[in-house]
Ligand code: SAH
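Residue numbers (my numbering): 73 to 337.
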């Protein structure tokens, strides 16, 4: 039995067992529940199932891959969900705290990270292979051109480790881009001190016009008065702000907005 790689599903199957082992060995020991996104033809799956360190679950959107995996790994049927990670009801499928591993479909990696952010109360860590450029973006800090929405949002709730780069040669079919493996570990922050929905909106709005000063980029969010105490921050651009500065700015703006009577918020 053979799985025909489908470009539309971002299928680039890993062919190098050493890299697969390196990825799996980077997964922390706890919690035991481990969700593999997109097992495909099972390069990582085999090592996960052999290790006994985990209580694995799998989600795969490609029917052909699910059939292949069921034939190759007897008993996996009870642990694999044929579905879309972006749509599945995670709370229903995974009862408790968990970790993620996967060689992700690169075409939807950003959406996958936003889902991880949504489930940050339960997701403890993730070791994922993604496009190298995206890995660099997510790991970069302020003052860097690649620092953006996902860098700020992920780094607010996760510590990011850039682990290693992977050549395009070890995939079938070979992708056009280089790859890298990163590890996300949930930090201690549970409450940033203001509504997370507002924080998300602020970060997105700030970077939407990243060349402008925040005073201009954030016009839609600024209350009409009393921004005087944060004038310094507002004269900067989004890419110059640390995570702490983003959080303080969100708290300040949210409380200013909430205190204004008769505004549209
Ligand atoms: N882990 C395998 C395959 C990686 S390719 C390996 O390393 O060889 C990416 C995999 O993600 C493919 O199997 C693809 O079918 C699957 N996939 C794509 N979109 C998905 C989605 N929305 N939800 C779950 N799996 C998805």
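Glycine included, every Cβ here is placed at the ideal spot set by N, Cα and C.
Rounded straight-line distance, which links the Cα of residue j to that of residue i
i: residue 216; j: residue 275; result: 16 Å
i: residue 256; j: residue 306; result: 30 Å
i: residue 97; j: residue 120; result: 9 Å
i: residue 168; j: residue 194; result: 7 Å
i: residue 312; j: residue 214; result: 5 Å
i: residue 326; j: residue 82; result: 39 Å
i: residue 86; j: residue 219; result: 29 Å
i: residue 207; j: residue 294; result: 32 Å
i: residue 197; j: residue 100; result: 8 Å
Whole-number beta carbon distance between residue j and residue i, since they are thought to touch under 8 Å
i: residue 139; j: residue 76; result: Not confirmed; about 12 Å, so no contact.
i: residue 200; j: residue 176; result: 5 Å
i: residue 187; j: residue 165; result: That pair is no contact at about 12 Å.
i: residue 279; j: residue 322; result: Residue 279 to residue 322, Cβ: 14 Å. No contact.
i: residue 232; j: residue 251; result: That belief does not hold up - the Cβ atoms of residue 232 and residue 251 are roughly 16 Å apart, past 8 Å.
Distance CB(residue i)-CB(residue j) smaller than 7 Å
i: residue 111; j: residue 141; result: yes
i: residue 126; j: residue 94; result: no
i: residue 88; j: residue 242; result: yes
Heavy atom of ligand 3 within 6 Å of residue i beta-carbon
i: residue 247; result: The ligand content of the structure shown is limited to ligand 1, which means ligand 3 is not among them.
Neighbour-count burial assignment, residue i, 16 or more Cβ in a 10 Å radius
i: residue 249; result: exposed
i: residue 144; result: exposed
i: residue 202; result: buried
i: residue 84; result: buried
i: residue 221; result: buried
i: residue 171; result: buried
i: residue 337; result: Low confidence applies to residue 337: its pLDDT is 46, below 50, so where it sits in the model is not reliable, and the reading given next is rough at best. So residue 337 ends up on the exposed side.
i: residue 132; result: buried
i: residue 262; result: exposed
i: residue 237; result: exposed
i: residue 113; result: buried
i: residue 269; result: exposed
i: residue 260; result: exposed
i: residue 74; result: exposed
i: residue 122; result: exposed
Reduced DSSP category for residue i - H, G, I as helix; E, B as strand; rest coil
i: residue 160; result: coil
i: residue 313; result: coil
i: residue 83; result: coil
i: residue 332; result: coil
i: residue 327; result: helix
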